[in-house]
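Residue numbers (UniProt numbering): 1 to 216. Heads up, the beta-carbon is just placed ideally off N, CA and C, and yes, glycines get one too.
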Ligand code: SF4
């Protein structure tokens, strides 16, 4: 084995342990959707997703190998450069990776840790808020149901209401329930979602307000 192979093997092992992670982008902005709408937050977008949503707006995230692999120390150091102490880990699908080391280090530095996940992989990490957004394209792993603080279902067509109700029956009782219009269909389907929520008041509406504000 030559030196380059050894480095690649070591990187793979460190990624498998969650000590290094592929980072597509990281940026400080305002959380636009869900429970923390309006809060300043540092987003860490991990590369890699095997869920395959047809309407995905970050398809470039799917291939993990495209993105630089950073140590968790460097990831946290970059987050500390901004005044906010709320971190949102998203993707891609962040639960493809072991989130224990990164969330532990973030908490040691005083961050509140949130995750946005499809739940398609076993749950890991120490999170203050878990936003579970199941997708029809890959079944969630059952470990997510007890962890979810918020169930956020993207509404793209009429069959998504039944899908949303199905998952509402699987998450824990205190989980907040939200429906969110898929952005490209929002103009057409928002009125229908309003009617649904008025008739099924356990649900709230989540809007992608960052898109209205034209921020990432
Ligand atoms: S889970 Fe998220 S990143 Fe993955 S395909 Fe679906 S929308 Fe895209």
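Check: On a Cα-Cα basis, can you pick out the residue from 213, 20, 137 and 159 that is closest to residue 53?; Outcome: 137
Check: Return helix, strand or coil for residue 143, following the three-state DSSP convention.; Outcome: helix
Check: Quick one: does the C-beta of residue 175 sit closer than 7 Å to a heavy atom of ligand 1?; Outcome: no
Check: Any chance the region 40 to 56 sits against the region 87 to 97, with 3 or more Cβ pairs inside 8 Å?; Outcome: yes
Check: Shorter than 7 Å, the distance from the beta carbon of residue 58 to the closest heavy atom of ligand 1, or not?; Outcome: yes
Check: Measuring alpha carbon to alpha carbon, tell me which residue in 201, 210, 104 and 83 is nearest residue 73.; Outcome: 104
Check: Output needed for residue 146: all residues of its chain with C-beta closer than 7 Å, excluding positions within five of it in sequence on either side, in chain order.; Outcome: 172
Check: Going by DSSP, which residues form a beta bridge with residue 27?; Outcome: 43
Check: My understanding is that residue 231 touches residue 114, with C-beta atoms under 8 Å, so please give their C-beta distance in whole angstroms.; Outcome: A question about residue 231 goes unanswered here, because the residues of the chain that appear run from 1 up to 216.
Check: Shortest alpha-carbon distance to residue 18 belongs to which of 150, 75, 111 and 2?; Outcome: 75
Check: DSSP three-state label for residue 176, please.; Outcome: strand
Check: Regarding residue 118 and ligand 1, is the C-beta to nearest heavy atom distance less than 7 Å?; Outcome: yes
Check: If the criterion is Cβ atoms closer than 8 Å, does the pair residue 118 and residue 134 meet it?; Outcome: yes
Check: Would the C-beta of residue 49 count as close to ligand 1, meaning under 7 Å from any of its heavy atoms?; Outcome: yes
Check: Just to confirm, does residue 93 get its C-beta within under 7 Å of one of the non-hydrogen atoms of ligand 1?; Outcome: yes
Check: What did DSSP end up calling residue 132 once you bin it into helix, strand or coil?; Outcome: strand
Check: Would you mind reading off the limits of the beta strand (DSSP E) that contains residue 204?; Outcome: 203 to 205
Check: Which of the three DSSP states is assigned to residue 20 in this structure?; Outcome: strand
Check: Leaving out the 5 sequence neighbours to the left and right, which residues in its chain are closer than 7 Å to residue 156 when beta-carbon positions are compared?; Outcome: 55, 182 and 185
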